[in-house]
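Student: Here's a structure for you.
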Amino acid sequence: MPVVSLTSTLYILVLVSSLAALFAFRDYQRRRGLPYPPGPRPLPLIGNLFDIPKEFSWLAYLRFSKKHGMIYFVVKGLLTEAMAGDVISFHVFGQAIVVLNSYKANKDLLERRGEIYSDRPVIPIFEMMNWQWNVAFSKYTESWRLSRKLLDRGLRPAAIAAYRPLLQQKAHILLSQMLAKLDEFETHLNHLTGSLILAMAYGYEVKEPNDRKVQASKAFLQITGETSLPGTLLVNDLPYLRYVVRYIPDWFPWLNYKPLVRYGYNIGLEVLHGPMEFVRENILNGTAQPSIALENLQETEQLEEPEREKAEQVIATALGSVYSGGTDTTASSIMVFIVATLLRPEIQTMAQGELDAVTGRERLPRFEDRPRLPFVDAICKEVFRWRPVTPLGFPHATTEDDVYKGFFIPKGAVVISNVWAIFHDPVMYPEPDVFKPERFINPNGTLREDPVLASSFGFGKRVCPGRHLADATMFIAIASLLSVFNVMKKGNGTNGGPDMYPFTGKGLSAPCPFTCSIIPRDRRAEELITANVPEQ
Ligand code: HEM
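In terms of the UniProt record's numbering, the sequence shown opens at residue 1 and continues consecutively.
Now the structure itself:
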């Protein structure tokens, strides 16, 4: 007996080693001997599964990047370090993951070679929830192009400029809500960004602070953030698992995805169809308000079936993607501003001085004031840099084999932009962990433009279509808040360091719940708020 079992063991060993050697040989042939970008040594089969942490992976990627490629050189007699490990790679169950840690590598690949770097990886959990319709997760296909064209048209700078009165009105509502319930600032910020997108996209007016449509988009983005990155869910790293998970009993740990899939599936349907049904009903009743949906639906009227149905599907998917992707990102960025103000209160005083000089405290700030508010603008820029809410952007995928700096990047590789690494490079941004809007002010007091900051919104063909809206919303919300409110630490404690305000560490990085005092600056501020409450 023991002899038979020894023989079988030997057979298995020989088979496994031969298969491994065959795969290694075929992989070597495919790479034409070129190496993959540097990275930690993978273990057999599972690869680097345990090297990629489930939380704050941008920090781990930055560490690996330094470990695998810091170079040192002398500038003006000083020993200077720079990152050469700007492209690193990992393998998880045979899937190549390439992380781009510098602005240059992201521009070179995602933009200049955009034709082969603009796909999205298949994320099994999203397919299980039936979320492939979403523009952000869609493969690089013709239907993505159609939805994307609609979004680029509806959210282009000229279109956003036309929405300025609406943006100002929403900012004034924010101020009045803050005044009424000072402690509920997070709810008010979600209301601001959610109601703005729902009004623009569907002509839907949010009335309740906890409106169901706003909650649904928040839930959608939260699931996205918590499940999309490599290393967060086993089923994403080992896609074949999706075919067996339905047979796994509910009590089984790690692989019980059924509740998540059910929840995500329902939220997905709500986001995709809910607001569109609202618009269609209103068109029938003759009460539809101007919106991107209405404008596009009217254009489809002259089409015949099935073209008309297809066009309506493009509108629903494009707007469902905007509604699900644009709410929480902007609201979280304004929350970052509040945390930054708590850490550096003098920033608030400086910005208020600038605002008061422009408005004379006779009125609230407007978009036309922006050129005369460089410091407020610098605060918005520094918020994006200091704590980017999407520190790893959203993963791209390659559609062809490629070679960069002598390294092989295979077709189907997941490509991640480490925006955090770009924004925390001490050579480009000295003292990167300090919130310092001053870094964007020129010695003559004007605003210093920094093209690198655009990285907050991704790269190439998949760059965020909502970036102009996000930028405008951030400016008007921050300028309006600063002009009438003081943000202060609650109680009489010290302001502490950045660790006092922890951030979430999966996909989307937003401040964890915190308390603070947001109170009107004085009687004049209260009068300005109440005099500007829009009629609803
Ligand atoms: C502070 C606010 C925001 C940030 C930081 C942000 C960031 C991003 C990033 C990093 C991407 C991925 C880009 C890439 O793959 O290279 C993205 C994609 C996207 N964003 Fe935003 N975004 C914000 C606001 C918005 C808003 C307001 C909207 C809608 C009005 C929006 C809609 C989208 C959509 C639909 C995509 C998918 C694009 C595609 O795959 O073609 N985002 N965003």
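The C-beta atom is built at its ideal place from N, Cα and C for all residues, glycine as well.
List the residues that DSSP assigns as beta-bridge partners of residue 406.
Tutor: Bridge partners of residue 406: none, in fact.
Student: Under three-state DSSP, which class holds residue 78?
Tutor: Residue state, collapsed to three classes: strand.
Student: Grab the span of the beta strand (DSSP E) containing residue 485 for me, first residue to last.
Tutor: Here the beta strand (DSSP E) through residue 485 covers 485-488.
Student: Looking at the strands, I want to know which residues DSSP matches up with residue 508.
Tutor: The partner list for residue 508 (beta bridge, DSSP) reads 506.
Student: Can you give me the C-alpha to C-alpha distance between residue 114 and residue 122, rounded to a whole angstrom?
Tutor: Approximately 18 Å, taken between the alpha carbons.
Student: Please return the same chain residues whose Cβ sits closer than 6 Å to the Cβ of residue 401, not counting the five positions on each side in sequence.
Tutor: Closer than 6 Å at Cβ, skipping near neighbours: 410, 411.
Student: Among 403, 32, 15, 10, which residue has its Cα nearest to the Cα of residue 116?
Tutor: Selected option, being the one with the closest Cα: 403.
Student: Whole angstroms are fine: how far does the CA of residue 194 sit from the CA of residue 208?
Tutor: Spanning the two alpha carbons is a distance of roughly 11 Å.
Student: Alpha carbons only, please: which of 338, 523, 414 is nearest the one belonging to residue 399?
Tutor: Taking only the C-alpha atoms, the option nearest residue 399 is 414.
Student: Taking buried to mean at least 16 other C-beta atoms within 10 Å of its own C-beta, is residue 493 buried or exposed?
Tutor: No answer about residue 493 holds up, because its pLDDT of 47 lies below 50 and its placement is not dependable.
Student: Using CA atoms only, rank isn't needed, just tell me which of 201, 200, 142, 206 is closest to residue 191.
Tutor: Nearest option by C-alpha distance: 206.
Student: Provide the residue span of the alpha helix (DSSP H) that contains residue 185, from first to last.
Tutor: Residues 185-202.
Student: Between which two residues does the alpha helix (DSSP H) carrying residue 520 extend?
Tutor: Residue 520 -> not in any alpha helix (DSSP H); beta strand (DSSP E) instead, spanning 517-520.
Student: Closest to residue 233 by CA distance: which of 126, 280, 466, 290 is it?
Tutor: Among 126, 280, 466, 290, the Cα nearest to that of residue 233 is on 126.
Student: Across which residues does DSSP place residue 415 in a beta bridge pair?
Tutor: Paired residue(s): 98, 396.
Student: So, for residue 1: in the same chain, excluding its five sequence neighbours on each side, which residues have a beta-carbon less than 7 Å away from its beta-carbon?
Tutor: Residue confidence for residue 1 is low, a pLDDT of 47 falling below 50, so the modelled location carries little weight; the figure read from the coordinates is stated next. No residues qualify anywhere along the chain.
Student: Would you please state the rounded distance, in angstroms, between the beta carbons of residue 182 and residue 519? I believe it to be under 8 Å.
Tutor: At roughly 6 Å, the Cβ-Cβ gap stays under 8 Å, so residue 182 and residue 519 are in contact.
Student: Consider the C-beta atom of residue 469 and the heavy atoms of the ligand HEM; say whether any pair is separated by less than 7 Å.
Tutor: The answer is yes for residue 469.
Student: Shortest alpha-carbon distance to residue 364 belongs to which of 483, 461, 471?
Tutor: Here the closest residue by C-alpha is 483.
Student: Heavy atom of the ligand HEM less than 7 Å from the Cβ of residue 164, yes or no?
Tutor: Incorrect: residue 164 has no Cβ contact closer than 7 Å to the ligand HEM.
Student: Are the CB atoms of residue 603 and residue 408 nearer to each other than 8 Å?
Tutor: This structure cannot speak to residue 603, because the chain is shown only from 1 to 536.
Student: Is there contact here, the stretch 337-348 with the stretch 222-229, by at least three beta-carbon pairs under 8 Å?
Tutor: No, they do not touch.
Student: Quick one: any contact between the stretch 134-154 and the stretch 318-325, if contact means 3 or more CB pairs under 8 Å?
Tutor: Yes: the two stretches touch, three or more of their Cβ pairs being nearer than 8 Å.
Student: Is any non-hydrogen atom of the ligand PLP found closer than 7 Å to the C-beta of residue 135, if you look at the structure I gave you?
Tutor: Ligands present in the displayed structure are limited to the ligand HEM, and the ligand PLP is not among them.
Student: Would residue 385 be called buried (16 or more neighbouring beta carbons within 10 Å of its own) or exposed?
Tutor: Residue 385 comes out buried.
Student: According to DSSP, what are the bridge partners of residue 92?
Tutor: DSSP output for residue 92 lists 95 as bridge partner(s).
Student: Quick one: Cα of residue 472 to Cα of residue 261, how far?
Tutor: The alpha-carbon atoms of residue 472 and residue 261 are separated by roughly 35 Å.
Student: Would you list the residues sitting across from residue 87 in a DSSP beta bridge?
Tutor: Bridge partners of residue 87: 100.
Student: When you compare the CB of residue 358 with every CB in chain C, is at least one pair closer than 8 Å?
Tutor: The structure shown contains no chain C, having only a single protein chain.
Student: From residue 280 to residue 421, what distance separates their C-alpha atoms?
Tutor: One C-alpha to the other measures close to 45 Å.
Student: With a cut-off of 8 Å on the beta carbons, I'd call residue 213 and residue 204 a contact; round off their distance for me.
Tutor: That belief holds up - the Cβ atoms of residue 213 and residue 204 are roughly 7 Å apart, short of 8 Å.
Student: Quick check on the DSSP output: the alpha helix (DSSP H) that includes residue 348 runs from which residue to which?
Tutor: 345-359 is the span of the alpha helix (DSSP H), which, as asked, contains residue 348.
Student: Residue 12: buried (16+ other C-beta within 10 angstroms of its C-beta) or exposed?
Tutor: Exposed, by the Cβ-count rule.
Student: Rank 22, 267, 502 by C-alpha distance to the C-alpha of residue 129 and give the top, closest one.
Tutor: Minimum Cα distance to residue 129 is reached at 267.
Student: Which residue or residues does DSSP assign as beta-bridge partners of residue 119?
Tutor: Paired residue(s): 397.
Student: Taking the C-alpha atoms as reference points, what is the distance between residue 354 and residue 480?
Tutor: When rounded, the distance between both Cα atoms is 13 Å.
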